[in-house]
Structures are given as C-alpha cells and as structure tokens.
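Student: Throughout the sequence shown, residue numbering follows the working numbering, covering 358 to 590 in sequence. I am attaching a structure below and will ask some questions about it afterwards.
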Amino acid sequence: MLALHGWGRSHSDFDKVLTELVGSRETTGAIALDLPGFGASPAPGEPCGAAGYAEKIVPVLDECRAQVVLVGHSFGGRVAIELAARFPDHVAALVLCGVPLLRRADRPAARPAMRYRLARQLHRRGLLGDDAMEGIRQRFGSSDYRSTTGVMRDVLVTVVNETYEAQLGEISQPVELVWGRHDDEVPVEVAERAARMLAVARLTVLDGAGHFVPTEAPEGMSAAIGRRLESLA
Numbered sequence: 358m359l360a361l362h363g364w365g366r367s368h369s370d371f372d373k374v375l376t377e378l379v380g381s382r383e384t385t386g387a388i389a390l391d392l393p394g395f396g397a398s399p400a401p402g403e404p405c406g407a408a409g410y411a412e413k414i415v416p417v418l419d420e421c422r423a424q425v426v427l428v429g430h431s432f433g434g435r436v437a438i439e440l441a442a443r444f445p446d447h448v449a450a451l452v453l454c455g456v457p458l459l460r461r462a463d464r465p466a467a468r469p470a471m472r473y474r475l476a477r478q479l480h481r482r483g484l485l486g487d488d489a490m491e492g493i494r495q496r497f498g499s500s501d502y503r504s505t506t507g508v509m510r511d512v513l514v515t516v517v518n519e520t521y522e523a524q525l526g527e528i529s530q531p532v533e534l535v536w537g538r539h540d541d542e543v544p545v546e547v548a549e550r551a552a553r554m555l556a557v558a559r560l561t562v563l564d565g566a567g568h569f570v571p572t573e574a575p576e577g578m579s580a581a582i583g584r585r586l587e588s589l590a
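Rendered as structure tokens:
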C-alpha cells in the first residue's frame, strides 16, 4: 500500500491509518511518502501538474514487487488518479478521500476578480512592480496560494485548475471512495458523481468526519484499505 498526502501536509497524516492497518494484519507492505515540495522532500525543479507528480512516483512503484493499492487524500488523490490511468500495470486498486476529482456543482469555474485580472495584465507589461503584484496576490489568493511561493505556487495554480473526467473513464481498477460527511472543501456530491464515472467504485460516507479523513477517521480509512488488500490476497 502506498499513501499520498494532501496539499501542505506530509506522510505523517497517515500515521494512525498505518497503525490501524498493520495492527489488523499479520504482514503488510505499507508506506506513506512525502510528495515533492512537502515534508522532507524537495520541491520539483519546475512546475508541473498531477501528471508530472505521478511520473515522479513511478520509480517508487518500480521498486515494489507487486501491484500496489494506492491511497490518496486530496492533492495526493489527484496524483493517484493520474498514476492509475497512466501506469495501470503498477496499480491494483485505489482508496481516495477528499479528492477534487470534478468541479463542485455549487461552484462553477469562476474568473478571478476584475482588479486582480487588471493587475496581472499591468504586471505582465511591466507597469506594476513585483512587490505591488505580490500584495494583490496576497489579497485575492486562497490561503494555500498565499502560503506558497516560487515553483510550488505555480504547481498549485496548475493543479487547482485540473479536473479528471477523462482519467476516471480510463480507470478499470476498483476504487474505494471514503468521504467525510462534513467535507466542506470537496463535498460528498463530488464523490457521488465520480463514482458513477468509474468502472468499479464503492462510496463510504463517514459521519463525524470532514475533509481530513486520514486524521479525523483513521479507522474508516484503514477499513477501506483493508478491504482492497484482502481482495488481492
């Protein structure tokens, strides 16, 4: 089992999940990675989206002696989807939680604020300085955007504009969707629509959990992973 964490997080989000999982089985090969730019892993050399991150994970999969169950939370789930679609021979199944697989039905794609768009144009033409432009970004950007700089900010801009309709249609592996009922960032309706686009999918909604299922409901996450591992035994 290979676990991939969310944006701004690290492998430690899965500590309780792995404890639950290992404690419930005699043996298991389970690992959680720090994705490039997070935890102890250096940032990528150039901006890329989820597909670029997937390519960086392939060498890890190459070292595995068998297909893996990929576990992805939020941003890590974006990477997992790309891995399963692009490198299916490496992936036996997926367990996903809180992944922005599709755009929210209640939040259609919106253009940035007029003031931001104007500032961006002025900056590109050399009529607005870098410090002033950064001030505009800090005012209008999301909390994740404001807290990132350099290549990681470019990565963020890339991935938040991605959706995965095509990849969902290509995935033949079984997929466990494990969602917090109170996930305000990626609501359950996203998982419900994604499930209908997948060849084999099961959605489990966990009461009392929000977006951070690995830390808020590790038992539920571990149970879903266990089901996938048992099916491969």
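The C-beta atom is built at its ideal place from N, Cα and C for all residues, glycine as well.
#1: Of all the options V535, R435, A360, which has the alpha carbon lying nearest to the alpha carbon of G577?
#2: Under 8 Å by Cβ, that's how I've got I302 and V426 pegged, so tell me the actual separation to the nearest angstrom.
#3: Got a sec? Which residues, its chain only, sit under 7 Å from R477 by beta carbon, not counting five neighbours each side?
#4: Three-state secondary structure (DSSP) at I645?
#5: Ignore the nearest five residues each way along the sequence and tell me which others in I414's own chain have a CB closer than 7 Å to its CB.
#6: For the region 403-461, list the beta strand (DSSP E) runs that are entirely contained and at least 3 residues long, ordered along the chain.
#7: To the nearest angstrom, how far is the alpha carbon of E383 from that of G433?
#8: When you compare each of F371, A387, K373, G409 to L359 by their alpha carbons, which one comes out closest?
#9: Within 8 Å (strictly less), CB to CB, does T572 reach chain B?
#10: Hey, R585 and E533 are a contact pair by Cβ (cut 8 Å); roughly how many whole angstroms apart?
#11: Spell out the partners DSSP gives G537 in its beta bridges.
#12: How big is the Cα-Cα spacing for D564 and H368?
Tutor: According to the structure shown:
#1: Ranking the options by Cα distance to G577, first place goes to V535.
#2: Nothing about residue 302 can be reported from this structure: the residues present for the chain run from 358 to 590 only.
#3: There are no such residues.
#4: With the chain represented from 358 up to 590, any question about residue 645 goes unanswered, as that position is not in the structure.
#5: Only V436, L440 meet the Cβ criterion.
#6: You should have 425-430, 448-454.
#7: Reliability of the predicted coordinates at E383 is poor, the pLDDT of 48 falling under 50, and no value is obtained from them.
#8: The option with the nearest alpha carbon to L359 is A387.
#9: The question asks about chain B, but that chain is absent: this structure has only one protein chain.
#10: Between E533 and R585 the Cβ distance is about 6 Å, and since that is below 8 Å, they are a contact.
#11: Paired residue(s): L563.
#12: Those two C-alpha atoms are separated by around 24 Å.
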